[in-house]
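So for the sequence shown, my numbering puts the first residue at 25; every next one is plus one.
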Amino acid sequence: MIMVSDENVLEIGGEDVEKAIEAGLAQLNLGREDVNIEVLDEGSSGFLGIGGREAQVRLTVKPEESLLEQPLPQANDAVTIEADEMVQEPTVRVETRETRLELPYEGPPEEEVAREIVSSLLEKMQIDATIDLRQSEPDDLTGEQRWIVDIRGQDMGVLIGPRGETLNSFQYVARLMTGHKIQRKPNFIVDIEGYRARREQALARLAERMADKVVNRGHSMSLEPMPPNERRIIHITLREDDRVYTESIGEGRRRKVKIFLVR
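Here it is in C-alpha cells:
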C-alpha cells in the first residue's frame, strides 16, 4: 500500500477503489462527508492473477465553512422574485437514433483477431506455444466451415484439462474478447494439436458401443454428462442407426445423452 500525505491531502492505495477509500478514511479518522474523493487509478486484477496493480485514490479534507449571519427580512420588507427564479426549466437529454449507431467493423478478419487474442492470452499465462490457422471440414448438417485456431507446444495437457473442460473455458474467453473487438458473434474454434478431432472420434466410437449395448441388453442407457458440442456428436453418430434413438436429458452441467431402444 503506497501512502503520500500532507496536512489536508492523502494519497493511498488498496486492493480496489473501495478498500483504498476505507483505508484512507481510517487513516484520517474522518467520514466520507468530510473529504473530497478523487480516483487516481482504478487498479487491475490482471489475468489469472498476473499483472495486477493496486487502486489509488486521493482524499482531500474539506475546509471548514463559516456560517454567515444574515439579517432576517422584516414583515414589512418588500420581496421581489423574478420570474426565472420561480420557474426552472427542466433539462431534457434527447438521444437521437443517430447517436446510438455504431460504425461497422473495418479491422482485420476474424481469424487474425482470434489468433492475436489467443497469443496474448497464452503470453499472460506464460505458456510458450505456436498458433496455426486452418479451416474445419464442412459441418455434417449445415455444410458450414469454421476457422480453427490450433495451439501447439510442450506439455499442453494442462491447457486441455479433464475431458477438455479447461480448453472449453479458454475458448469461451477468447471468443468473448474477439466478439467484443469485431462487434459480432465470432465463429472460430480453439484446438490444441488436433485434440478436438481425436475427442470427436473417441465419442463416436463410444456412441456406437453404447448403442450395441442398448440393443443387446434390451433397455435404454445414459452416458456421462457432456457439454453441448459433445452431446451433438453422439446424436449425429447415431441418427442413422435405426435400432436406437437419442435424447438429451437433465439440466445445466448435468445434461447428458440417453440412448433408447426402438421398439
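All C-beta atoms in this analysis are idealised placements derived from N, C-alpha and C, irrespective of residue type, glycine included. Everything numeric in this text was worked out from a predicted model, so none of it was measured.
For a test of the three-state rule: what should DSSP assign to residue 274, helix, strand or coil? coil
Does the pairing of the segment 129-140 with the segment 197-212 give three or more beta-carbon distances under 8 Å? yes
Starting from residue 176, trace the beta strand (DSSP E) in both directions and tell me its first and last residue. 171-177
Exposed or buried, what is residue 38 when buried is set at 16 or more other beta-carbons lying within 10 Å of its beta-carbon? buried
What whole-angstrom Cβ distance do residue 173 and residue 139 have, given they're in contact under 8 Å? 6 Å
Look at the alpha carbon of residue 218 and the alpha carbon of residue 169, and state the distance between them as a whole number of angstroms. 16 Å
Considering Cα atoms alone, identify which of 167, 235 and 259 is closest to residue 285. 235
Consult DSSP for residue 166 and reduce its assignment to one of helix, strand or coil. coil
Does the segment 190-208 come into contact with the segment 257-271, if we say contact requires no fewer than three beta-carbon pairs (one atom in each stretch) closer than 8 Å? no
Rounded C-alpha distance that separates residue 156 from residue 42: 43 Å
What is the DSSP secondary structure of residue 267, counted as helix, strand or coil? coil
Taking residue 186 as the reference, give the member of 220, 64 and 176 with the closest Cα. 220
Looking at the strands, I want to know which residues DSSP matches up with residue 156. 174
Please tell me whether residue 269 and residue 207 are closer than 9 Å, where the distance is taken between their beta carbons. no
Whole angstroms are fine: how far does the CA of residue 258 sit from the CA of residue 245? 13 Å
Starting from the Cα of residue 35, find the closest Cα among 84, 53, 50 and 77 and give me that residue. 84
In whole angstroms, what is the alpha-carbon distance linking residue 166 and residue 183? 30 Å
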